[in-house]
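Notes follow once the structure below has been shown.
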Amino acid sequence: MKLLVTGGAGFIGSTFVRRRLASTSDEIVVLDKLTYAGSRSNLAQVEEDPALAPRLRFVVGDIAEPADVRPLLTDVDAVLNFAAESHVDRSILDAEAFLRTGVIGVHVLLEAVRDAAGRRPCRFLQVSTDEVYGAVEEGASVETDPVVPRSPYAAAKACGELLARSYGTTHGIDVVITRGANTYGPHQHPEKLVPLFVTNALDDQPLPLYGDGLQQRDWLHVDDHADGIGWILDRGTAGEVYNLSGEAPRTNRAITELILRTLDKPWSLVRSVPDRPGHDRRYAMDGAAARALGWVPRVPFEDGLAATVAWYADHRSWWEPAKSGDWLDYYERQYGRRLTESVGA
Ligand code: NAD
Ligand code: TDX
């Protein structure tokens, strides 16, 4: 197949590209805006491999710009949309870019697919998230549950997938949607919980735990998430939504303990800081639909987390630049006052 992968320089998209090129004979075009979250170095492993590089083309561009998108749709079998602003805290500080990429960008892609699908079949896979279900006090979300997003990030993701489904119904586009769980692993930007806490702990800096730290997430290794998206691309039914659960529920406090134990760093680094506004207490998904297609997550959480901690310890040259420049301003806005008001955890 020939695939257009948007957001392919980010954390999950680049993992998908590396693994898909290595395991199939597919050709991939990556379209990525290279925001603060994207890095071409995430694809260096492919671009420097003479066996894989000829099947990858990298284009810098914006999914919300028809002139960037349309020329790439002439001969692709599927579009996989990973591109998004992906950090909840940034969506609370300023939501505009989330809407532009998550709503307008999805619309531009869908219009281009609609046009291209008139000439040859083209599947559209929208990479979505468990956050569209909102907080789940008990039990586990199934795909038919209502979508009740509670952060601007989650609302933009919900808009994007609803728009995609509407194009399936109204225009007959072949649309599938994946809702992945909280993902962790190498190459994740250090703004997110796991890499932030690992890299801060490596530097003996405080770990800002929101509130009581008993919020719970369903954790999925990035290799499993990438493979799950490929699995649904190949086997999913048009018009359907598939939860991709990691089947590893953990509280933020438990993850923090595990990171510190792995690095042999003291709990005194952890600071309880004022909570994220509208913080979803718990996410949990039922993965039966994807399981029925034969997909299961394979990486045990404790193994995956230990390997992730080791990767960050060995790859300072990857994450130190991401924690410089504009990062310092973001960190001050997000954590400056919180850390001043923090108490021991
Ligand atoms: P990321 O922030 O690491 O990467 C996003 C990529 O998209 C970056 O390379 C960025 O440059 C690119 N991008 C942003 N706006 C763009 C635009 N307008 N045009 C083209 N490229 C643009 O994100 P991630 O963690 O890899 O997430 C990928 C997708 O998976 C997102 O859609 C996200 O909502 C979804 N998701 C993430 C998680 C998670 O835990 N990280 C879980 C479930 C779903
Ligand atoms: O400094 C922090 N302190 C803290 O306690 C940060 C950054 C996070 N947290 C908490 C908030 C959440 O309960 O850790 C948990 C995980 O936070 P994030 O890493 O920001 O992820 P989350 O908000 O759960 O969203 C993630 O999973 C779903 C991704 O960022 C989304 O892109 C994905 O859709």
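The sequence shown: position 80 = 79 (numbering that gives the first Met the number 0), numbered continuously.
Quick reminder that beta carbons are idealized off the backbone N, C-alpha and C, glycines included.
In this text the structure is predicted, and so the values were computed from the model without any measurement.
Taking the C-alpha atoms as reference points, what is the distance between residue i and residue j?
i                : j              : result
glutamate 110    : arginine 17    : 28 Å
valine 4         : threonine 168  : 23 Å
glutamate 47     : aspartate 223  : 24 Å
leucine 292      : glutamate 331  : 45 Å
arginine 271     : glycine 37     : The question names arginine, but residue 271 is serine in the sequence shown. Going from the Cα of serine 271 to the Cα of glycine 37 covers about 30 Å.
arginine 281     : tryptophan 326 : 28 Å
glycine 303      : alanine 180    : 15 Å
leucine 51       : valine 45      : 6 Å
glutamate 301    : tryptophan 218 : 11 Å
threonine 143    : alanine 94     : 27 Å
phenylalanine 81 : aspartate 31   : 9 Å
glycine 171      : arginine 118   : 14 Å
tryptophan 317   : histidine 186  : 8 Å
arginine 297     : threonine 128  : 19 Å
isoleucine 254   : aspartate 74   : 44 Å
leucine 161      : tryptophan 266 : 43 Å
threonine 177    : glutamine 214  : 23 Å
tyrosine 35      : lysine 1       : 27 Å
alanine 134      : arginine 216   : 10 Å
alanine 163      : glycine 12     : 19 Å
aspartate 88     : tyrosine 329   : 10 Å
arginine 336     : serine 90      : 18 Å
isoleucine 27    : aspartate 211  : 44 Å
threonine 23     : glutamate 340  : 51 Å
leucine 257      : proline 65     : 45 Å
glutamate 137    : alanine 344    : 26 Å
alanine 83       : leucine 268    : 32 Å
proline 53       : aspartate 25   : 11 Å
arginine 39      : histidine 106  : 25 Å
glycine 159      : alanine 237    : 17 Å
valine 295       : alanine 287    : 9 Å
aspartate 61     : glutamate 239  : 27 Å
alanine 309      : leucine 92     : 31 Å
leucine 338      : proline 49     : 48 Å
leucine 195      : proline 320    : 14 Å
Which class does residue i belong to by DSSP, given the choice of helix, strand or coil?
i              : result
glutamine 333  : helix
proline 320    : helix
proline 248    : strand
isoleucine 176 : strand
serine 341     : coil
arginine 89    : helix
arginine 118   : coil
Going by the beta-carbon positions, is the gap between residue i and residue j smaller than 8 Å?
i             : j             : result
tyrosine 209  : aspartate 274 : yes
leucine 243   : glycine 229   : no
serine 140    : alanine 283   : yes
glutamate 190 : histidine 86  : yes
alanine 349   : leucine 232   : Lying before the first or after the last residue shown, residue 349 is absent from the chain, which here runs from 0 to 344.
valine 193    : threonine 14  : no
threonine 182 : lysine 322    : no
leucine 201   : alanine 63    : no
valine 29     : alanine 8     : yes
glycine 277   : valine 221    : no
valine 175    : glycine 235   : yes
tyrosine 241  : alanine 305   : no
aspartate 279 : glutamate 130 : yes
Using 8 Å as the limit for Cβ to Cβ distance, is residue i near chain D?
i             : result
threonine 198 : Among the chains in the structure shown there is no chain D, since it carries only a single protein chain.
**Message:** Does the contact criterion of 3 or more C-beta pairs under 8 Å hold for the region 139-153 versus the region 256-269?
**Reply:** no
**Asked** Which runs of the alpha helix (DSSP H) fall wholly inside the region 201-268 and span at least 4 residues, in chain order?
**Response** 221-234, 251-262
**Prompt:** Where in the region 19-87 do unbroken runs of the beta strand (DSSP E), each at least 3 residues long, occur, reported from the N-terminal end onward?
**Reply:** List check, beta strand (DSSP E) in window: 26-31, 55-59, 77-80.
**Continuous alpha helix (DSSP H) assignments of at least 4 residues falling wholly in the region 265-302** = 287-291
**Item:** Length-filtered (4 minimum) alpha helix (DSSP H) runs lying within the region 132-172
**Value:** 151-170
**Request:** Determine, using beta-carbon pairs with one atom in the region 111-124 and one in the region 59-73, whether at least three such pairs fall under 8 Å.
**Result:** yes
**Message:** Within 8 Å, do at least three Cβ pairs link the region 95-102 to the region 118-129?
**Reply:** no
**Asked** Per the contact definition of three or more C-beta pairs closer than 8 Å, is the region 46-65 in contact with the region 245-254?
**Response** No contact exists between the region 245-254 and the region 46-65.
**Item:** the region 187-205 contacting the region 151-159, beta-carbon criterion three pairs below 8 Å
**Value:** no
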